[in-house]
Each structure stands twice: as C-alpha cells, then as structure tokens.
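Chains A and B supply the protein sequences, listed in that same order.
Under my numbering, the first residue of the first sequence carries the number 1, and numbering increases by one thereafter.
Under my numbering, the first residue of the second sequence carries the number 1, and numbering increases by one thereafter.
One structure below.
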Amino acid sequence: MRLSKLMVPCLVMGLVSMRAAEDRTAALSEAEFEKLHRELQPPSGELWRTIPWKTTLLDARNQAIQDKKPIFMLVRSGHPLGCV
Amino acid sequence: VLDRASSLADSEIVKLLSTRFVPLAIDQHVHRQLKDAEGEQFAAVLKQAGRGLDGMSQGQYLFTPKGKLLSFSNTPDAAHVKRLIDTALKKFDLTADVPESSPGQKPAPPPFEPPPGTTVVDVTTKVLGGYEKATIKPTQAAQEALGRDHLWLRKDEVEALARGLLPESVKTRIVRYHLIDNTRGEPPMWSPDDVKKLEMTLKDGRLTGSVELTTKSGKRGYRAKLFGNVKVEDGKLTRFDVVAKGEFWGEGTFTRSAPPGEFPLAIAFTLTAGTSAADRALPGGARANLKGYLR
Numbered sequence: 001m002r003l004s005k006l007m008v009p010c011l012v013m014g015l016v017s018m019r020a021a022e023d024r025t026a027a028l029s030e031a032e033f034e035k036l037h038r039e040l041q042p043p044s045g046e047l048w049r050t051i052p053w054k055t056t057l058l059d060a061r062n063q064a065i066q067d068k069k070p071i072f073m074l075v076r077s078g079h080p081l082g083c084v
Numbered sequence: 001v002l003d004r005a006s007s008l009a010d011s012e013i014v015k016l017l018s019t020r021f022v023p024l025a026i027d028q029h030v031h032r033q034l035k036d037a038e039g040e041q042f043a044a045v046l047k048q049a050g051r052g053l054d055g056m057s058q059g060q061y062l063f064t065p066k067g068k069l070l071s072f073s074n075t076p077d078a079a080h081v082k083r084l085i086d087t088a089l090k091k092f093d094l095t096a097d098v099p100e101s102s103p104g105q106k107p108a109p110p111p112f113e114p115p116p117g118t119t120v121v122d123v124t125t126k127v128l129g130g131y132e133k134a135t136i137k138p139t140q141a142a143q144e145a146l147g148r149d150h151l152w153l154r155k156d157e158v159e160a161l162a163r164g165l166l167p168e169s170v171k172t173r174i175v176r177y178h179l180i181d182n183t184r185g186e187p188p189m190w191s192p193d194d195v196k197k198l199e200m201t202l203k204d205g206r207l208t209g210s211v212e213l214t215t216k217s218g219k220r221g222y223r224a225k226l227f228g229n230v231k232v233e234d235g236k237l238t239r240f241d242v243v244a245k246g247e248f249w250g251e252g253t254f255t256r257s258a259p260p261g262e263f264p265l266a267i268a269f270t271l272t273a274g275t276s277a278a279d280r281a282l283p284g285g286a287r288a289n290l291k292g293y294l295r
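Rendered as structure tokens:
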C-alpha cells in the first residue's frame with residue numbers, strides 16, 4: 001500500500017505528538033517526588049484545624065447544652081473539613 | 001475551599017467559634033439522607049432558614065441548643081460571617097434558649113466515621129499551572145487552593161502492605177476515587193470503564209505506577225505517573241508518602257473553570273496526623289458509596 005504525500009507528515013506528526021505526551025508524563029525522580037510531596041503539604045498551623053469541630057448535630061447539641069452556648073453549623077456540599 | 005481561605009482563616013472568627021459556640025461541620029449530601037433523630041434535627045434547623053432536604057442547603061446556620069435559628073446566610077466572606085456571629089450572640093438568651101438538661105439522645109455511631117481498624121491517609125491535590133491569571137480574590141484563592149480528601153485503608157489491606165503486597169482494591173481505590181481534580185469543588189469520580197491503564201507495583205517499600213484515565217467522551221482525563229515510599233512497622237502503617245503527577249484535562253459540573261486544555265496536576269498522599277476532626281472526614285468517593293469505596 002502506498003502512502004499519500006499528505007499521510008506521511010500526518011503520521012510523523014502523530015508519532016511526535018504521542019512521544020510528547022509520553023515525555024510530559026515521564027516517571028517521577030526521587031528528587032521530584034520529594035519536592036512535590038513537600039509542596040503539597042498543607043501549611044502548618046492552619047487556624048481552621050484548631051477549631052474543636054463536632055461532626056454530628058446531636059453531639060453538638062449535647063455539648064451546647066452542657067456549655068450553655070449556641071451552635072455554629074457550617075453546611076457545605078462536600079465535607080467542609082476536607083473532601084473538597 | 002473558600003471558607004478555609006477566608007472566614008476560617010480569620011483569627012477573630014476562629015477564636016469566637018472556638019470559645020463562644022459549639023462548632024459543627026456537615027456535608028449536606030450525607031446529612032440529608034439520615035432518617036434518624038440526627039436527620040430530623042438537621043431538617044428542622046434548615047426549615048427555619050427556608051431550606052429543605054431536597055435543595056441547596058449550604059450555608060452557616062447559627063442556632064440555640066433548643067434548635068431555634070438565630071442567624072443564617074451562605075457566604076465565605078469573613079466580614080459577613082462576623083455579622084452573623086454578632087447577630088446570633090445578641091439574640092442568644094442564656095435562660096430561655098438552653099434546656100435545663102440534655103434530652104439524653106446519644107448520637108449513634110455516625111455512618112460517616114472511619115470503620116474500626118481503618119488507616120487514614122491525607123490526600124492533597126494541586127493544579128501546578130495553566131490558569132489564566134485571576135483578577136478577583138475568590139478566583140485566585142480557588143486557583144491556588146489545595147484540594148483535600150482522605151484515603152481509607154482497610155485493616156486487611158494494611159496487613160497485606162506489611163507483607164509487601166499491594167492489594168488490587170488499594171490500587172483501584174487510589175485511581176478511581178483519588179486521582180481527581182477536587183481543587184475547585186466536588187469532582188466526578190472515575191468509572192471502571194474510564195480506567196484505560198493501571199500499573200502500580202510495590203517493591204521493597206517503593207511504590208511506582210503509571211495510569212491513564214479517560215471518560216467515554218474523552219472530555220476529561222488524567223495521564224500520570226506515581227512514585228512513593230510505603231513502610232509498615234509491627235503491623236502498623238508508619239509511612240505512606242506517594243505522589244501522582246501528570247496531565248489532566250477537563251472539568252466536572254461542580255468543578256468549572258479548569259485551566260484550558262491539558263494542565264499539570266499533582267496529588268500527594270501522606271499518613272494522617274490524626275489530631276483533628278478533619279482527619280476523620282468521609283472520603284469524597286465514599287459519600288453514599290461506602291461499601292463501593294471500601295470494596
């Protein structure tokens with residue numbers, strides 16, 4: 001089968017493109033892993049993590065009665081403490 | 001994400017919530033499905049704010065121990081939250097709003113806590129580039145945000161890791177429920193058919209892998225490599241430092257405004273410190289799907 005003049009450059013470009021995609025997802029080196037793992041750690045001392053959160057309304061209500069305090073309920077789509 | 005970057009990063013608000021209130025954090029999708037006393041009381045508070053269980057119920061609800069709503073809004077803005085707090089504290093009547101004794105309703109073990117024996121791993125996600133520069137603060141905060149989640153590992157899976165084995169269930173859970181872009185909101189998970197390639201091995205404590213994920217339409221995908229170190233001592237997981245990095249493309253219904261085209265996305269796994277209620281939050285992929293998630 002003969003390849004047309006147009007098909008050859010297309011095939012070459014396709015191969016180059018595939019190679020480029022492969023390069024972009026090259027294996028992580030130990031150094032890059034260490035750097036990225038460090039960069040993706042949350043900052044230390046985040047204020048919101050110091051709040052004594054309750055995660056059930058009944059538990060919060062019992063605590064509120066005991067402490068004689070109102071309740072602050074934060075409702076989000078996805079858990080406000082961490083799944084988004 | 002926005003709460004953590006704005007109102008919950010405000011020291012005055014954090015102090016007020018910690019000292020003058022009982023702070024409570026709820027995922028609406030989980031709580032609206034509860035049919036017990038917990039669910040009933042949740043619905044009763046929402047109703048006073050004109051919200052129901054079938055619609056959007058996000059927001060800040062400030063109410064008395066008797067369940068009477070004091071103030072409500074839905075805002076990430078710190079100044080607005082301070083006004084809500086002021087209003088609630090002014091309205092709160094210590095003599096009228098607090099029952100003399102607890103109703104005695106003890107919460108049942110919540111269906112969203114880690115099952116006994118579960119090991120929790122923090123998962124953080126970051127878009128490493130590709131955004132057009134944001135001009136407004138909320139957008140900038142979203143672009144710079146760390147997505148957060150937790151990977152739950154079953155007791156038997158940790159035992160397998162201790163023997164140097166990487167269970168298929170762990171590989172699948174990591175890929176389908178955690179190699180996601182959750183930096184701008186609730187992301188869609190990957191279906192089994194989306195997993196085009198999954199290679200992951202554990203050898204001498206070194207985890208390496210390569211994955212390709214693409215939806216049927218091809219509009220969303222992730223092509224990534226994994227690398228990390230896993231250590232188990234005396235049957236206990238003492239290290240689970242893993243990173244996935246690669247090219248992501250596309251977005252979900254609730255994760256709009258992704259960078260155009262392919263963009264670099266990295267995801268890090270780290271054994272949790274276990275010091276905060278946040279460390280026990282239900283994984284996003286386990287919402288209404290705990291059995292499927294832990295399978």
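Think of the CB as a built atom: it goes at the ideal place given N, C-alpha and C, for glycine as much as any other residue.
Query	Result
Contacting residues, own chain, Cβ-Cβ under 6 Å from B/L146 (five flanking each side not counted)	T124 and K126
Contact residues within the region 216-249 of chain B, judged by C-beta distance below 9 Å to chain A	R223, A224, K225, L226, F227, G228, N229, D241, V242, V243, A244, K245, G246 and E247
Contacts around B/L16, its chain only, beta-carbon distance under 6 Å, and the 5 residues preceding and following it disregarded	I85
C-beta contact flag for A/R49 and B/A5 at 8 Å	no
Same chain, Cβ closer than 6 Å to B/H178, five either side skipped, listed in chain order	V123 and L151
Inter-stretch contact at 8 Å, needing at least 3 Cβ pairs: the region 35-43 of chain B / the region 51-61 of chain A	yes
Contact set for B/D77: own chain, Cβ-Cβ below 8 Å, skip 5 residues either direction	S6 and S7
A/D23 in three-state terms, based on DSSP	Legend: pLDDT at A/D23 = 49, less than 50; position of this residue unreliable, value from coordinates given subsequently. The answer is helix: DSSP assigns A/D23 an H, G or I state.
Under 8 Å (Cβ pairs) to chain A, residues found in the region 149-174 of chain B	D149 and H150
Exposure of B/M56, with buried meaning 16 or more beta-carbon neighbours within 10 Å	exposed
Spatial distance of A/L74 from B/P110 (CA atoms)	17 Å
Simplified DSSP assignment, three categories, for B/R148	strand
Rounded C-alpha distance that separates B/G67 from B/G117	35 Å
Beta-carbon gap between B/G235 and B/E159 smaller than 8 Å	yes
Cβ neighbours of B/E199 in the same chain (closer than 6 Å, five flanking residues each side left out)	G209 and S210
Cβ neighbour criterion (16 or more within 10 Å) applied to A/P43	exposed
B/P192 burial status per 10 Å Cβ neighbour count (16 or more: buried)	exposed
CB contact below 8 Å: B/I180 versus chain A	no
Where B/I267 sits in the DSSP three-state scheme	strand
Coil, strand or helix - B/S73 by DSSP	strand
Pairwise C-alpha distance: B/D241 and B/N229	5 Å
Ordered list of beta strand (DSSP E) runs contained in the region 16-46 of chain B, each at least 3 residues	22-27
Interface positions of the region 113-129 of chain B facing chain A (Cβ-Cβ less than 7 Å), listed along the chain	T124 and K126
Cβ-based burial, A/Q66 [other Cβ within 10 Å; buried from 16]	exposed
Cutoff 7 Å; reference A/K54; Cβ partners in own chain excluding five residues on either side	A60 and Q63
Distance, B/D181 Cα to B/P187 Cα	6 Å
Interfacial residues, the region 3-30 of chain B to chain A, with Cβ spacing under 7 Å	D3, R4, L8, A9, S11, V14, L17, S18, R20, F21, V22, P23, L24, A25, I26, D27, Q28 and H29
Beta carbon proximity, A/G91 to chain B, threshold 8 Å	Outside the shown range of chain A (1 to 84) lies residue 91 of chain A, about which nothing can therefore be said.
Length of the line joining the Cα atoms of B/G284 and A/A31	30 Å
Any C-beta of chain B under 8 Å from that of A/A31	no
N-terminal and C-terminal residue of the alpha helix (DSSP H) that B/V292 is part of	In the sequence as displayed, the identity of residue 292 of chain B is Gly instead of Val. Its alpha helix (DSSP H) spans residues L290 to L294.
Stretch-stretch touch, CB-based, cutoff 8 Å, three pairs: the region 241-250 of chain B with the region 82-100 of chain B	no
Chain A contact for B/F263 (CB, 8 Å cutoff)	no
Bridge partner(s) assigned by DSSP for B/L198	B/V211
Best match in B/K231, B/K225 and B/L294 for proximity to A/L28 [C-alpha to C-alpha]	B/K225
Contacts of B/L294 in chain A (Cβ-Cβ under 9 Å)	Those do not exist, as B/L294 stays about 15 Å from chain A at its closest Cβ, beyond 9 Å.
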